[in-house]
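Chains as they are written, first to last, in the working numbering: chain A, 1190 to 1379; chain B, -12 to 413; chain C, 42 to 223. Positions of the beta carbon are idealized from the N, C-alpha and C atoms, including for glycine. Okay, so here's the structure we're looking at.
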Amino acid sequence: MNLITEAAKALRDIGKGMAVVSRAAEKGKHTNLYPFEMPEIPPVSCQSLALIIEADGTDRCVSCLACEKVCPSQVITIERTRNPEGKGFVLERFDIDLVNCMYCAACVEACPVSAIVTIQDFELSTYDLQTLKADKAFLDEQGRRAKQWYSPKLGVEYRNEQGEIQVAPLEQQPGGEAELLKQADKESDN
Amino acid sequence: MALSSDKRSQLKRIPIPEDRHFKPQLVGYNPKTPNRLAEVLAHSLLYFVFVGLLLLIYGVLPWLFKLPGSPLASGGSFTTTGAVLYGILAAVLSFLVAAVAALILILVLRKYLGLVQNRYGPMHNGPAGAFQTIADAVKMVAKEDFVPGKADALVFTLAPLMVFVSAFLLLTIIPFAPGWVLANLNVGLLFIVAAGTIGAYGVLVGGWSINNKFGLLGGLRAAAQLVSYEIPLSISLLTVAVWVGSLNLMDIVEAQKLWWTAIPLLISAAVYLIASLAEIKMTPFDLPEAESELVAGFNTEYSGMRFGFFFVAEFAELFLLPAIAVVLFFGGYYQPLAGFWDFADVLRGLGAEGSTLNQFGGLLASAYGMLWFLLKTALLSYLVIWVRATLPRFRDDQLMELCWKVLIPLSLIGLAVAVILRLVFK
Amino acid sequence: MGLLGSDRRPDNIILGKLDDLINLARSRSMWPLTFGIACCAIEMMNSSAPRYDADRFGFFYRNTPRQADIMIVSGTVNKKMGKRVRTLYEQMAEPKWVISMGACANQGGPFRQGYSVVEGVDKIVPVDVYVPGCPPRPEALLQAMLLLRDKVADPEKRYIPGTLMEADFDVLAEPGKDGRSL
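Here is the structure:
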């Protein structure tokens, strides 16, 4: 008799489990259909690096070597010469070895002028490793192609239709909504 | 950290290819822009092939052979030439039936697992992933086939065939409709047990022959599990034999025209379903190929089509053991409550006796019975897949405990119930 | 590998088309090996979880190298592991492909000057697709798998088995054992 009651109890429990499984199907799909639909990646996420050129065609980069010094993987190579016409330096070579880069964005944090930024273009898989030895032309192109980019000093920026660079409004910045809520709280307190 | 300037200028610059960005092609079916008609058509393609093959074997071929004036039949039965020819054709086509059943069930399993895990499962290859298993099959046939150096080559080659033949033999004795059976054996129930045991041998020697510790462990586990679970399975088969009074599967189905055997013999039916789950080696009982413990169990060293035979046999059994359950317990090819009113009788009564319409009606009635049979089998296969999606794997001792301490006593109780009921009611 | 030989047959329509069909089937049914080395393996697992679901394209993980078609080298390959990677690669049945995932597998990444690290798994096994990142997103791995799919299915460049490259076993010499200092 004990056997039959235990068997009945086990069958009841299995039935409960099977009901849970069949109800799980009602929750719909959680899948992101990647090649047909691009995922939304937050702008602080560092998927690749880019150099930003201003709307008038000048480099933001001032060749200060801050990124090269701070890079933990030592993948940034910069060559510069003194500017014969005035102050500062002329950038001759800016290479990032995106193969060995570990996308920690230490260079982005170190950059004093927000020239090197994080972008969210993750589609870098390749048949040939040499395509990832990024030179300045490649990094510039990455910057031109990017819809938006992020640096800690200036926040999220994007190019508008006239090709000018704009800082995104506060509600689109990372943490911007929390900031707006704080301001609203302060105003209500006053 | 930075390199000194003279060292930096020594770094050599490597030419960089022009084309830097590789985008995957957007080929394949996109579920965001669904085409329901194509989905339904593509998914029912394999089902139509399956039903068509069965109709061809059991309906069309015998009808063709028995056409008036045919040299292959005389007086309603085959001549020797006709029987041999029909046997060969039926065997080849039945092989296709087993393979198509496996292709369908693998796809159904993967789609169902996707459904309960809130993902899509196979989706982009063919409308809603309908051609996924076909691609798998073609790839497996074309993959390299080899025998490991230290394996026993003869046994290694034979083992997948033994497993497959064991599943294939079961197909020959299943009555899909009245008279639609390849081998109407008087000892059908005994044949089920005998044919099923060959598969256990195949798995055991397959695991042993590859000279690999994972394979050996998987094979031994499979042998212990399959041999143990043969006992409750056989006792529940015996229960049906006691209740019906025949070992012939056709007789067993005929005896269920009014009431299914499962109604008086509920315990035996439950024991049969659980034990057949263990025979199929499906998830609560998938110890022989436990993927998290033994790399892939008994088929660790099998590649290409040899592994394909194991795979196809496993999923063909997922069709065949529920089919046997339907034959034994759930009324076979009869519609529910066929004793009161049967649509097949209406079809059989079409036209005058012996006319073409009458013959066609008989064929239709058989096809109608087969559809009921396939529907019930599909429901039971779905139950097995549902259990697979729910339960985790048993531990080895729990597996044995379930068999020897629960299922065998339960099946004996079921046998006693059958004997008492038989004495009281018949 | 063409089933019927590796040379292209522009004249022979039937065999050429059969080769194309087989390559199409192969590209649509690539079973990766369940083989993770380091942190990239976590992202590899994610790529077949409900959020990304590699099974949509028929990427169905197999546990044994005999039944697998592609090997995803996901993590730092050090010299001791390199021998195992090579062994697993040799155990896989033809045709087989390799995806190198993450900076470490590509060229050693942040550990590339370490005494025990193989600087690039392509020194041991022939790599078809490289995924940069540390670790890459699961989508990036999916992109690599789809690039491999396109490569195999391309009827213009039929997959021709290369001569199996000799592993650069000098790379795998363990420090200290062959007289080199640590």
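Determine whether the Cβ of Pro1228 (chain A) lies closer than 7 Å to any Cβ atom of chain C. Answer yes: the Cβ-Cβ gap between Pro1228 (chain A) and chain C drops below 7 Å somewhere.
For Gly46 (chain B), collect the residues of the same chain with a Cβ closer than 8 Å to its Cβ; drop the 5 residues on either side in sequence, then sort them by chain order. Trp167, Leu350, Ser353, Ala354, listed in sequence order.
Closer than 7 Å at the beta carbon, the chain C residues around Glu288 (chain B): Arg107, listed in chain order.
How many Å lie between Val170 (chain C) and Lys1258 (chain A) at the Cα? The alpha-carbon separation between Val170 (chain C) and Lys1258 (chain A) amounts to approximately 31 Å.
For the beta strand (DSSP E) holding Gly1344 (chain A), just list the boundary residues, first then last. That run of the beta strand (DSSP E) goes 1344 to 1348.
DSSP-derived helix/strand/coil call for Tyr320 (chain B): Three-state DSSP puts Tyr320 (chain B) in coil, outside helix and strand.
Interface residues of chain B facing Lys1216 (chain A) [CB-CB closer than 8 Å]: From the beta-carbon of Lys1216 (chain A), the residues of chain B found nearer than 8 Å are Asn105.
Give me the chain A residues within the contact set of Asn17 (chain B), using Cβ-Cβ distance strictly less than 8 Å, ordered along the chain. Within chain A, the residues near Asn17 (chain B) are Leu1222, Phe1225.
Quick check on the burial criterion: 16 or more other C-beta atoms within 10 angstroms. Buried or exposed for Arg97 (chain C)? Per the 10 Å Cβ criterion, buried.
Just tell me which of B:Ala85, B:Val103, B:Ala249 has its CA closest to the CA of His1219 (chain A). The shortest C-alpha separation from His1219 (chain A) is found at B:Val103.
Can you give me the C-alpha to C-alpha distance between Gly1332 (chain A) and Asp1310 (chain A), rounded to a whole angstrom? Rounded to whole angstroms, the separation of the alpha carbons of Asp1310 (chain A) and Gly1332 (chain A) is 10 Å.
Would you kindly work out how many angstroms separate the C-alpha atoms of Glu1360 (chain A) and Trp1338 (chain A), rounded to a whole number? Distance between the alpha carbons of Glu1360 (chain A) and Trp1338 (chain A) is about 15 Å.
Applying the 10 Å Cβ sphere with the 16-neighbour rule, what's the burial state of Ala339 (chain B)? Ala339 (chain B) is exposed by the Cβ-count criterion.
Against chain B: residues of the stretch 1307 to 1331 of chain A by CB proximity under 7 Å: Listed by position along the chain: Glu1312, Ser1314, Thr1315, Tyr1316, Asp1317, Gln1319, Thr1320, Lys1322, Asp1324, Phe1327.
Could you tell me which residues DSSP puts in a beta bridge with Tyr369 (chain B)? Beta-bridge partners assigned by DSSP to Tyr369 (chain B): none are found.
What in chain C is Cβ-close to Val1288 (chain A), meaning under 7 Å? Those are Ala144, Asn147, Gln148, Pro173, listed as they occur along chain C.
With a threshold of 7 Å between beta-carbons, can Ala1373 (chain A) be considered close to chain B, or not? No, its Cβ sits nowhere closer than 7 Å to a Cβ of chain B.
Run through chain C and tell me which residues come within less than 7 Å of Tyr1292 (chain A), C-beta to C-beta. Listed by position along chain C, the residues whose Cβ is nearer than 7 Å to that of Tyr1292 (chain A) are Gly174, Cys175.
My output table needs one value for Tyr73 (chain B): the three-state DSSP class, helix, strand or coil. Note: Tyr73 (chain B) maps to helix in three-state DSSP.
Sequence-distant residues of its chain with Cβ nearer than 6 Å to Leu224 (chain B) (five each side left out): Excluding residues up to 5 positions away in sequence, Leu176 lie with their Cβ nearer than 6 Å to the Cβ of Leu224 (chain B) in the same chain.
Does any C-beta atom of chain A lie closer than 7 Å to the C-beta of Trp373 (chain B)? Answer yes: the Cβ-Cβ gap between Trp373 (chain B) and chain A drops below 7 Å somewhere.
Go to Met142 (chain C), then tell me how far its alpha helix (DSSP H) extends in each direction, as first and last residue. Annotation for Met142 (chain C): no alpha helix (DSSP H) segment contains it, though the beta strand (DSSP E) segment containing it runs 138 to 142.
Rounded Cβ spacing between Ser215 (chain B) and Trp373 (chain B) (contact assumed at less than 8 Å): No, Ser215 (chain B) and Trp373 (chain B) are not in contact; Cβ-Cβ is about 24 Å, not under 8 Å.
Can you pull the DSSP bridge partners for Tyr1292 (chain A)? By DSSP's assignment, Tyr1292 (chain A) forms no beta bridge with any residue.
Who are the neighbours of Val393 (chain B) on chain A, taking C-beta pairs under 9 Å? Going along chain A in sequence order, the residues near Val393 (chain B) (Cβ under 9 Å) are Leu1192, Glu1195, Ala1196, Ala1199.
For the putative contact between Gly189 (chain B) and Met127 (chain B), defined by C-beta atoms under 8 Å, what is the C-beta separation to the nearest angstrom? Not a contact, Cβ separation roughly 18 Å.
Leu274 (chain B) versus Lys137 (chain B) - alpha carbon distance: So the alpha carbons of these two residues sit roughly 25 Å apart.
Close beta carbons around Leu160 (chain C), own chain, < 7 Å, minus the five adjacent residues each side: The amino acid occupying residue 160 (chain C) in the given sequence is Glu; Leu does not appear at that position. For Glu160 (chain C), where only same-chain residues beyond five positions count, the Cβ hits under 7 Å are Gln148, Gly149, Arg153.
Identify whether Ala185 (chain C) lies in helix, strand or coil by the three-state DSSP scheme. Reduced to three states, the DSSP call for Ala185 (chain C) is helix.
Any contact of the stretch 204 to 223 of chain B with the stretch 261 to 279 of chain B, i.e. 3+ C-beta pairs under 8 Å? Result yes; three or more Cβ-Cβ pairs closer than 8 Å.
Can you list, in chain order, the residues of the stretch 1235 to 1255 of chain A whose Cβ is nearer than 8 Å to any Cβ on chain C? Within the stretch 1235 to 1255 of chain A, the residues whose Cβ lies closer than 8 Å to some Cβ of chain C are Gln1236, listed in chain order.
In chain order, what residues of the same chain lie with their CB nearer than 7 Å to the CB of Gln132 (chain C), ignoring the 5 residues before and after it? Excluding positions up to five away in sequence, the list reads Pro106, Arg107.
For Met237 (chain B), report the span of its alpha helix (DSSP H) as first-last. First-last of the alpha helix (DSSP H) with Met237 (chain B): 236 to 241.
In this structure, does DSSP put Gly43 (chain C) in helix, strand or coil? With a pLDDT of 43 at Gly43 (chain C), under the threshold of 50, the predicted position of this residue should be treated as unreliable, though the coordinate-derived value follows. It is coil, neither helix nor strand.
What are the boundary residues of the alpha helix (DSSP H) that includes Leu213 (chain B)? That run of the alpha helix (DSSP H) goes 200 to 231.
Would you report the Cα separation of Ser1314 (chain A) and Leu1321 (chain A), rounded to the nearest angstrom? Linking Ser1314 (chain A) to Leu1321 (chain A) through their CA atoms gives a straight-line distance of about 9 Å.
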